[in-house]
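Inspection log for the structure reproduced underneath, given as structure tokens.
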Amino acid sequence: MQEFKHYTVMLNEAVDALECDGSDKIFVDATLGGGGHSELILKKISKKGRLISFDVDLDAINASKERLKDYKNLTIVHDSYTNIKENLLKLGIEKITGGIIYDLGASYHQLTTGMRGFSFTKDAPLDMRFDANSNFSAWDVVNKYKENQLVEIFSKYGEEHYSKRIARAIVNSRPLNTTLQLAELIKKSVPKANTRIHPATRVFQAIRIEVNHELLNFENSLKEVVTLLDSGAIISVITFHSLEDRLAKSILKNLSLDCRCDKNVPVCKCEGKLVELVNKKPICPSEEEIKINPPSRSAKLRVARRI
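Converting from the sequence shown to my numbering requires adding 621 to each position, the first position being numbered 1.
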């Protein structure tokens, strides 16, 4: 198996936001990945503190288990962050007393491991699953979706200007079985542009989001997690593209409102303000980090505190 490589983006900023130095509280890493954020949290919290880390990717789980094997106050859960509540209850935990961190999107390992099918530069089966046990892959999207469905996801999740052209080309060229077949077809379907961005970038992003239900999962998880947070617990969210950031911004802003009831309802029936925004504008990577790890340039960090 290829060595698990992952660059942890905004490592210090995201963990510092949790204010976990010397803490004996319970923290959650919703997206374990290569274990960078988890490791720093574990270094900062006390031995009485506890960290529960989640991931659906078995490669990530195995790599992080080895990396973090010396920490006794860590529990790694091989499951999606959409099931945080159920898994915490199994562990006898009702409240996240310290905070939670989300590091969204695909990891460097996933994007660069050829056989996972995330990359348009390496030939591999059309896969793109974070969870290898899932029976729904990129192949299903590319070969089974109707043309109008493809147009919708390319436009919605990829913000692709040539969604109709690409969708029509895909439907007329089926079956497509590999990443390079798809990438080459996309390249031929759109006008040449004077840019270093590969023409397949947005479509591959859109398919990946669709396969893994990324935006829906994040939205549902964040809304549920707020109900699990103790007063004072912190949410730290790193996003990597505008769709994720807009969603994070919208949800956290909505949760920070004094009332979320319909304006036509005479009496407030919601719980009122649930969080306060720690930073109204997102925190971005430093110039130094971007030089070391150029893909981090698109990352944004948003932080909120449960009240």
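C-beta atoms are modelled at their ideal positions from N, C-alpha and C, and glycine is treated no differently.
Opposing strand residues paired with residue i [DSSP bridges]
i	result
residue 927	896
residue 921	860
residue 675	698
residue 649	673 and 721
Classification of residue i by the beta-carbon crowding that lies within 10 angstroms, buried from 16 upward
i	result
residue 697	buried
residue 770	exposed
residue 876	buried
residue 691	exposed
residue 882	exposed
residue 820	buried
residue 863	exposed
residue 858	buried
residue 678	buried
Three-state secondary structure assigned by DSSP to residue i
i	result
residue 903	coil
residue 630	coil
residue 582	With the chain running from 622 to 928 in the structure shown, residue 582 is simply not present.
residue 666	coil
residue 886	coil
residue 874	helix
residue 657	helix
residue 777	helix
residue 794	coil
Supposed contact pair residue j and residue i - C-beta distance, whole angstroms, cut 8 Å
i	j	result
residue 786	residue 810	5 Å
residue 865	residue 827	Actually they are not in contact, since the Cβ atoms of residue 865 and residue 827 sit about 13 Å apart, beyond 8 Å.
residue 647	residue 718	5 Å
residue 861	residue 639	Incorrect: roughly 19 Å between the Cβ atoms, too far for contact.
residue 644	residue 653	Not a contact, Cβ separation roughly 19 Å.
residue 868	residue 635	Contact doesn't hold; Cβ gap of about 17 Å is too wide.
residue 722	residue 650	5 Å
residue 775	residue 832	13 Å between Cβ atoms; not a contact.
Can you list the alpha helix (DSSP H) stretches of 4 or more residues lying completely in the segment 799-866, in chain order? Counting only runs of 4 or more, we get 800-810, 822-833 and 835-849.
Whole alpha helix (DSSP H) runs in the segment 704-760 with 4 or more residues, listed along the chain? 705-711 and 729-733
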